[in-house]
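**Student:** Residue numbers (the UniProt record's numbering), protein chains in the order written: chain A, 1 to 993; chain B, 1 to 993. From the three backbone atoms N, C-alpha and C, an ideal C-beta is built for every residue, glycine too. Before I ask anything, let me first share the structure, which is written out below as structure tokens.
There are 2 protein chains.
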Amino acid sequence: LWQRLGQQTKNGKTCSQCWVLFGMNSALSIVPRTLPLLCVVVSPAAERLRYILGDEDDAPTPTLFTEMDTLQHEGGELEWRESARWVKFEEKVEEGGERWSKPHVSTLSLHSLFELRTCLQTGSILLDLEGYSLPQIVDEVVERQVEDGLLAPELREKVVFVLLRKHRHQTKKPIHRSLADIGKSSSTSRLPGEAFCGLRPPGPGHHPRGLNGSSCANQVMHDSLKPSWRGTRGGFSELPLTHFVSVPESPVTPSVIPCSRFLFVLLGPQGKSKSYNEIGRAIATLMVDDLFSDVAYKARDREDLIAGIDEFLDEVIVLPPGEWDPKIRIEPPKKVPSADMRKSVFSLNELGQMNGTAGGGGGSGESLDGRFCGGLFLDIKRKLPWLLSDFYDAFHIQSISAVLFIYLGCITNAITFGGLLGDATDNYQGVMESFLGTALAGVVFCCFGGQPLIILSSTGPILIFEKLLYEFSKSNSIDYMELRLWIGLHSCFQCLVLVATDASYIIKYITRFTEEGFSSLISFIFISDAIKKMAGSFKYYPINRGYNPDYVTMYKCDCQAPTQGNLSDLPLNGTALDWSQLSKKECLKYGGSLVGNSCKYVPDLALMSFILFFGTYSMTITLKKFKFSRYFPTKLRKLISDFSIFMSIMTFVGLDMLMGLQTPKLIVPTEFKPTRSGRGWIVKPFGKNPWWMYLASFVPALLVTILIFMDQQISAVIVNRKENKLKKGCGYHLDLFWVGILMATCSFLGLPWYVAATVISIAHIDSLKMESESSAPGEQPQFLGVREQRLTGILVFVLTGVSIFLAPVLQFIPMPVLYGVFLYMGVASLGGIQFWDRIKLFLMPLKHQPDFTYLRHVPLRKVHLFTLVQIICLAVLWILKSTVAAIVFPVMILGLMVVRKMLDLVFSQHDLAWLDDILPEKDKKKKEDEKKKKDRKKSKGQDDDNPNPPVKIPMEPLVSSVSLAPPLACSQVNASASEREYPIPSFEPHAHD
Amino acid sequence: LWQRLGQQTKNGKTCSQCWVLFGMNSALSIVPRTLPLLCVVVSPAAERLRYILGDEDDAPTPTLFTEMDTLQHEGGELEWRESARWVKFEEKVEEGGERWSKPHVSTLSLHSLFELRTCLQTGSILLDLEGYSLPQIVDEVVERQVEDGLLAPELREKVVFVLLRKHRHQTKKPIHRSLADIGKSSSTSRLPGEAFCGLRPPGPGHHPRGLNGSSCANQVMHDSLKPSWRGTRGGFSELPLTHFVSVPESPVTPSVIPCSRFLFVLLGPQGKSKSYNEIGRAIATLMVDDLFSDVAYKARDREDLIAGIDEFLDEVIVLPPGEWDPKIRIEPPKKVPSADMRKSVFSLNELGQMNGTAGGGGGSGESLDGRFCGGLFLDIKRKLPWLLSDFYDAFHIQSISAVLFIYLGCITNAITFGGLLGDATDNYQGVMESFLGTALAGVVFCCFGGQPLIILSSTGPILIFEKLLYEFSKSNSIDYMELRLWIGLHSCFQCLVLVATDASYIIKYITRFTEEGFSSLISFIFISDAIKKMAGSFKYYPINRGYNPDYVTMYKCDCQAPTQGNLSDLPLNGTALDWSQLSKKECLKYGGSLVGNSCKYVPDLALMSFILFFGTYSMTITLKKFKFSRYFPTKLRKLISDFSIFMSIMTFVGLDMLMGLQTPKLIVPTEFKPTRSGRGWIVKPFGKNPWWMYLASFVPALLVTILIFMDQQISAVIVNRKENKLKKGCGYHLDLFWVGILMATCSFLGLPWYVAATVISIAHIDSLKMESESSAPGEQPQFLGVREQRLTGILVFVLTGVSIFLAPVLQFIPMPVLYGVFLYMGVASLGGIQFWDRIKLFLMPLKHQPDFTYLRHVPLRKVHLFTLVQIICLAVLWILKSTVAAIVFPVMILGLMVVRKMLDLVFSQHDLAWLDDILPEKDKKKKEDEKKKKDRKKSKGQDDDNPNPPVKIPMEPLVSSVSLAPPLACSQVNASASEREYPIPSFEPHAHD
């Protein structure tokens, strides 16, 4: 605090400059206090505020609820009727009085704010009034009014009469709910309908405001009462009657009794009702302003309140009348500047220029520990405290949908890769092994891994490696399983070495560029695979294009017996067969030939598959978006959105059953035995291959290790992305440790090897995203983070293991539906990628481009260039992936990192900070340079000649750095100060342009 | 003008009340001029403005273009660089300087506005400076500055040097385009890049501002120059240097030379650059404000400008800092309050409460003329002046898409109804007649009808009538064609009688309630028909559900010869036939039976039809929405949206051709001859039926007339809806006249009868909607109206007639595609209906409901009740329509009108005015009542006791009524005045609640 004040005095000189600047007009400078908005006056007001608020800043001010009542005629009787309310945002009672408007930002007129200011200056203000009931308060208020000479004594009775008229509140339901939400922090729950009357039951003991330990003050009433005096004969008070009453808190009051804290009364003649209404809105808006409500709580006198208004006016945002229609109700914004920030830096003018944070570091939280296994121990240390919450955090309905979704993805993957592996290895590893392996590896990893949100799966490169390995063993008469076991063991060992040496530190170099390139590539592979498989069904079930319904009699397919010569090959006696009764397969099996024009066609199945595929995909997409529609309550919509995949799968499985067509179905192995009959469940390490093979397998194992390491860690980086707001930290070393252990285990059991699968992991995270439930009406829900826990993953893999027994249920799921889910996964995982957003920019004309922060800071040309580089890299990777070189594909990621390194030469660090992240050594080097420079300078003793300040890449939101800045009250003065805090100074004068 | 001033003086007394109100604080009242925002001061400022602007209000002020330049270092050299520009909305140069931000509403800080005000008060102001070139102007400005003692003489050189630094403008392209748009009204086109230099070429003669006949002043430059003085050693001017320069217009200047009209210079020390930037933004925003720019043009001295700012400040809209983030760039609103309105009523505060107009009368422009054929003559008189423009207005690319779209709709309709009529009348009227009749009736109606946007077509009720009539004639051996001719003639006569007696006045009673009920019903019929037809194809092409691809050998369908006994019936010798070679039809024709398990199935066609149907529909919907996407330039998007139907039809026709499946195709008759061979082209009126039949046909003709009258007029009301903003007026009588004439003609030719078709007419209007091309960047396009012309209609029907020769092309179009188009039409025509919006409200929770104006004024309960009544009515109509009672269906519309009448008893007129329209006699009665009352009052001589003012239903937008209100400057005062203008005062105290 001392420093703050020190800063203030230091700036006194500069502030006096403002004096001169605005003091030119002599008329202005005479009465500075009446010019709240000029710099000269701001300083005292801000100083006053700092004094008021400064002493007990830690006690949070409760959220205020404000109600505006208007005096109206109801059936010949006067009554106060609620006409608007504020819980952060304004809600008006619509005409007809039966409906709350949508919460909207209060648009005030400057006029009314100034009138309000005058009202507070002239009206009577009673702070800390000790009133037990409304009549008592009213009495005191009117008494004071008369005392002050503001009210003629003969009108006293009338005013009291009017003020004590019945209060009618708006329908209770909606308000109650929102208040219940707000009141969460305190146990106070009150019926808003009794808000005003609530003052009547006197609490046992009312303390003065001195003891600020508020327990009940969370909901405070403030009523701006405005009579329109229709019907009442003649204006009995020509002057408006203004009271501002503050009632002290009553900590002892039972919590069910509401406590109105503030009361603002404005009485006046009939003609001014519109204007008074505006004044009422102004004070109500002020009261819900975090800063002003703080001031109102702590105000000692009238001047404090005026200072509060002045501060408010100084921060106010002004829309020119020609560019905005005041009739428009402005929707509450996604985010408002926090009150804390405003409290510490009193002027917002300079902050208006500040923007969000630059990318930030990719591998957050990853630190290089020199010790042996240091990283691993750190990971365990980091993860251990969360162990319990890793389970109970899962108890939410969302987890069910996540489990179902990921489960379906996993078994589809298991079946696909199982099938492919079976083909590649002559069923040494097949669907059965795939299921078992997935279940085993998944459960172990989710239980003990560093990042349990990662889903393990077989991946393409591993598949290709296995294929090559099998072909090699077969052609060289080497026992495949034994060789594979040794490779697995070596690879496991290598992984453990990598863990022990903290090699995962390399992920520091995986920036957004690399990460996005990799994940988009994987997404594209998902999409193209899904479409390819779909297109495959058109080949598998060819459509008879020339079919003419009229010539149905012409279409047939007969099985003809082979010519006599071949008959002898048949197991049965050929002649005994009734060839016309044979099915297609049987016919071909027995050497018959199919003759006819319908033999090679299969009706309906291809089109039906397409409908199922496309239907599942588009229904999922539509239902996902349903969250943002207006229909149904938020909870239901969220449920529908969460279960969108499950619902669309169910729908289209139902449709398929209804149609009864023989579309290709999901086939799960039903018997628990190795796919190839020759092999057992355990692979023996010795005996079949020569001894040198055990050592030589070290070389192929190296390839596998690199493959697994890259695949695993980059997926982990993507999962640990800062955008996901993970709270429980990452565990790269621990992850790799378990992947290594599982490698060895799976090799022993003859199961496939597993590694993190990018797309499914992203889908897992997406299905577990949490959003805040908005508290005040109109507040936008914020993305809070991901339900980080181990249970969903464990359940998914347990279910996968159990699937062998679920075959009767699973056999109803048509494959095209699952391909549709795959397509959705691929498209959805593209969604959050900045790279994809940037590609879309190519198609948008300049003026329609969305307002991305990086577009505000980086020239479009550079953005396009950056995107283009990424596209080219991706294309190269795609081509590589499509050839046999696919096996070196994860190694190519290293190539991406090299490309990224070269980009440093083309783009300025400023641009890269916005589009990508800064590479660590740049960062480090910069820091070191800085340090060195400083050291040198210190030694030389000169410190004032540094034209190009070193780049400061903000790793945290700038907000915090702003709040650390000295709180300069005079906005004229701190221009240079806040310029210093500007995100990334454009220190490079765009030399590359 | 006199009256205005009179009003003003009359209100003087009230205004002095404000004096007292705000005069309480003695400090405030001392220097009223320094408190621009309080009521006391507003009055003089507004008065001043009225004086400045009042004398020549008719000359429109040109749109201003404002550019803000900032002094910056560029390669060691100082230069002025454009940092933002304003064409109504603000566009900032983004960091990096290569990009314009999106146009957004300028959010200013109050602070900067006040600083600006001080600047203008203290800085030097040179109005009407006669400078030919920038150096000259700069010289004069600096000279003045020195004279005024604001600038030390020794700094003069420096300032001149700085001010004459190079000016660098932002990339030219986007700015040029937008300016070209703005410059439309004048021939002035200038390169913005030269904006600043443009002052150099001196015009031959510069006149003082006295002659205000501006020709070149449409684009005016104003530069707010703000130096940040980086690098320049030491603040050479501690004081900020402010100039406001206004250069007179030069009407003689060649139009290619741009004319900068205003120049605002602000020079100051380095530290304040942020604050100066804000001041620059403030003045720039002020300059593009319509009112202030007017003031700036006409200002005579400093005080005028200050008054302008004060007025601006008074109208400013204020957002509380806690509820809005100043970083958010606010998108320009759909509509801003017009400057004219602001000019006449200087305070917006009261207008903030005003809302849009209530429904307004349904049949606008329709008046009852007592004379014989009065309405008809009025219609012709109204239509005649537009005759020429009815043709040349059609020349726009949009018309092509409209023609294609409506043409396809029409021929589909013609084929559908033709087929049905053929069934119903044993081909007395068939597809051929349908095509011819559609073409004939359509061309005649579009050429001469009152509302050429209406599309004539066969409709359901007529079809049912024909069916019943044919059955009646057949069973009673009456000649159908002759009877029909006589009914047509009678009906024609009856129509003409209705025309002559101005019976169309009844449409006054067709309010939104009736109209929406009818059009939703027709839309539902469209939708259900499309879906039914689609579902039909699943029946027509049954799918073999149990098909197993493996048993392809089992599926066959053989034609078996009939048993011997039946063979003799055959034309050919039965035994000679090769039965296995017969097609399905031939087989059945010759009495053979189809044996086999694939006979009753047709593969692929049903599913393919579904894909075509659904694909066409969803692609059209998607492409229609494409207009609102961000991709591609606006023009291209609009084109895609306009041609969406055509494009999706083409796509799916292409897909169908690619697949080569025999989906059902559009079959157009190719030969020009009556469908039934027995009949000729002309029906003879006499000879076949007894004479009394000629007279008796009057009775059924009455039914037909009512049918046609209702069908026609209600469709016309829907087309003439006020929302469509038609400018050429309606022609109900003329429409009916031609419908009658066509009745007779068609009867003679034996063609079907035609009447306005709701859904296709709506589609016609929708496809011809015009939107303003936004002039200033960021301005939202406004719906301007419909391309009202006759050409598209004529072309559609000419094409329909020609279609008989287009059969080779049309035969590629599959019917499911056209059903998809029908589905789209039905869904799209529901789009603009308020009723449909209200149905959706049922599904929305209160807080998510959109901000419809009627929801602001009518309790939700009432809205729901009203909707429910409509739903019930619709359900009843739907049931009626589905039974034989369909023939009385149009008469049921009368029932709707009766229901509407009864609603008057349940709902208040206030609610109905918002949800529906007020029925005319209510209106009339009210007016009469009012009149009577007034008369009575006049006679009694008392005029002050009228507590419940009579309802005034605004038939025109309220804006105009506001501008007619006396321009009261003191917002405090005109509260009561504007309350008088409040849309519909809630005079009924909700007695029905």
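Can you tell me whether DSSP reads P781(B) as helix, strand or coil?
**Tutor:** coil
**Student:** Counting contacts by CB-CB distance shorter than 8 Å, is S109(B) in contact with chain A?
**Tutor:** For S109(B), the nearest CB of chain A lies under 8 Å from its own CB, placing it at the interface with that chain.
**Student:** What's the C-alpha gap between A282(A) and L830(A)?
**Tutor:** 46 Å
**Student:** Rounded to whole angstroms, what is the Cα-Cα separation between D379(A) and F395(A)?
**Tutor:** 25 Å
**Student:** Report yes if the C-beta distance between Q451(B) and A716(B) is below 8 Å; otherwise report no.
**Tutor:** yes
**Student:** Within this structure, are the beta carbons of Y311(B) and L291(B) separated by less than 8 Å?
**Tutor:** Looking at the sequence shown, residue 311(B) is not Tyr but Glu. Contact flag set, yes.
**Student:** Provide the residue(s) that pair with P814(A) in DSSP beta bridges, ordered along the chain.
**Tutor:** DSSP lists K665(A) as partners of P814(A).
**Student:** Taking K335(A) as the query, report the chain B residues whose CB atoms sit under 8 Å from its CB, ordered along the chain.
**Tutor:** D325
**Student:** Closest Cβ-Cβ distance between H864(B) and chain A: below 8 Å?
**Tutor:** For H864(B), the answer is no, since every Cβ of chain A falls outside 8 Å of its Cβ.
**Student:** Under 8 Å between C-beta atoms, does S644(A) make it to chain B?
**Tutor:** no
**Student:** The beta strand (DSSP E) spanning K92(A) covers which residue range?
**Tutor:** 89-92
**Student:** From this set, S504(A), G418(A), L113(A), which residue's C-alpha is nearest F737(A)'s C-alpha?
**Tutor:** S504(A)
**Student:** Below 8 Å CB to CB, which residues in the same chain sit around I309(A) once its five sequence neighbours on both sides are set aside?
**Tutor:** Here I309(A) has P36, L113, L116, R117, L120, L286, F292 as same chain residues with Cβ atoms under 8 Å from its own Cβ, once five neighbours each way along the sequence are excluded.
**Student:** Please list the terminal residues of the continuous alpha helix (DSSP H) segment that includes K508(B).
**Tutor:** Premise fails: K508(B) is in no alpha helix (DSSP H) and is neither H nor E.
**Student:** Classify W681(A): buried if its beta carbon has 16 or more other beta carbons within 10 angstroms, exposed otherwise.
**Tutor:** exposed
**Student:** Kindly indicate the opening and closing residues of the alpha helix (DSSP H) around V796(B).
**Tutor:** 791-802
**Student:** Three-state secondary structure (DSSP) at R838(B)?
**Tutor:** helix
**Student:** Excluding the 5 residues preceding and the 5 following Y392(A) in the sequence, name in chain order all residues of the same chain whose CB lies nearer than 7 Å to its CB.
**Tutor:** none
**Student:** Measure the beta-carbon distance from F526(A) to F822(A) and round it to whole angstroms, keeping in mind my assumption that it falls under 8 Å.
**Tutor:** Between F822(A) and F526(A) the Cβ distance is about 6 Å, and since that is below 8 Å, they are a contact.
**Student:** Evaluate V906(A) with the Cβ neighbour count: other Cβ atoms within 10 Å of its Cβ, from every protein chain shown; 16 or more gives buried, anything less gives exposed.
**Tutor:** By the 16-neighbour rule on beta-carbons within 10 angstroms, V906(A) is exposed.
**Student:** Which value, in whole angstroms, describes the spacing of the CA atoms of L703(A) and F646(A)?
**Tutor:** 39 Å
**Student:** So, for L688(B): in the same chain, excluding its five sequence neighbours on each side, which residues have a beta-carbon less than 6 Å away from its beta-carbon?
**Tutor:** As written in the sequence, residue 688(B) is Lys, which differs from the Leu given in the question. Listed in chain order, the non-local C-beta contacts of K688(B) below 6 Å within the same chain comprise D479, E482, local neighbours out to five positions each way being set aside.
**Student:** Across which residues does DSSP place H104(B) in a beta bridge pair?
**Tutor:** E90(B)
**Student:** Less than 8 Å between the C-beta atoms of G409(B) and M825(B), yes or no?
**Tutor:** yes
**Student:** Buried or exposed: D423(B), going by 16 or more other Cβ atoms within 10 Å of its Cβ?
**Tutor:** Flag for D423(B) reads exposed.
**Student:** Quick one: what does DSSP say V595(A) is sitting in, helix, strand or coil?
**Tutor:** strand
**Student:** Do Q811(B) and P549(A) come within 8 Å of each other at the CB atom, strictly closer than that value?
**Tutor:** no
**Student:** Can you name the residues of chain B whose CB is closer than 8 Å to the CB of S598(A)?
**Tutor:** V552, Y555
**Student:** Taking 7 Å as the line, does the beta carbon of I682(A) fall inside it for any heavy atom of the ligand SAH?
**Tutor:** Among the components of this structure there are no ligands whatsoever, and the ligand SAH is therefore not found.
**Student:** Write down every uninterrupted run of the beta strand (DSSP E) in the segment 454-511 of chain A whose length is 3 residues or greater and which is fully enclosed by it, in chain order.
**Tutor:** none
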